[in-house]
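Each step along the sequence shown adds one to the number in UniProt numbering, with nothing skipped, and position 37 is 37.
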Amino acid sequence: MFGLFEKKYKYTTTMMIEGMMCGHCESHIADALRKVPGVEKVKASHIKKTAIISSDIPIDKEVLRKAVDDTGYEVKDIK
């Protein structure tokens, strides 16, 4: 029942990111990605080495890459 009212997004982008070591790193990545225009939701995981971005519009992968690169972490792949 809890997921009943959860918003569904049209686009999901998964980024593979090296360098995250803890929850603080996850927050740093998520905060940077949320500043990208069009990004609605971000879930970062240092254990999985991923950031999952949800949006209603397609987001340019290079803009996402730059947002992460500017934080000092390394993007390995974007799907």
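All C-beta atoms in this analysis are idealised placements derived from N, C-alpha and C, irrespective of residue type, glycine included. Only a predicted model underlies this, so the values are computations on that prediction, with no experimental measurement involved.
With respect to residue 39, residue 27 sits apart: the two C-beta atoms are not nearer than 8 Å. Taking 8 Å as the upper bound for CB-CB distance, residue 15 and residue 68 are in contact here, some 7 Å apart.
In the structure shown, the three-state DSSP call for residue 77 is strand.
Here residue 29 is buried: its Cβ has 16 or more other Cβ atoms, across all protein chains shown, within 10 Å.
For residue 50, the number of other beta carbons within 10 angstroms of its own is at least 16, and it is reported as buried. By the criterion of a C-beta distance shorter than 8 Å, residue 46 is surrounded in its chain by 20, 21, 22, 23, 25, 26, once the five residues flanking it on both sides are discounted. The three-state reading of DSSP puts residue 63 in helix, counting H, G and I together. Rounded to the nearest angstrom, the Cβ distance from residue 42 to residue 59 is 11 Å, too far for a contact under 8 Å.
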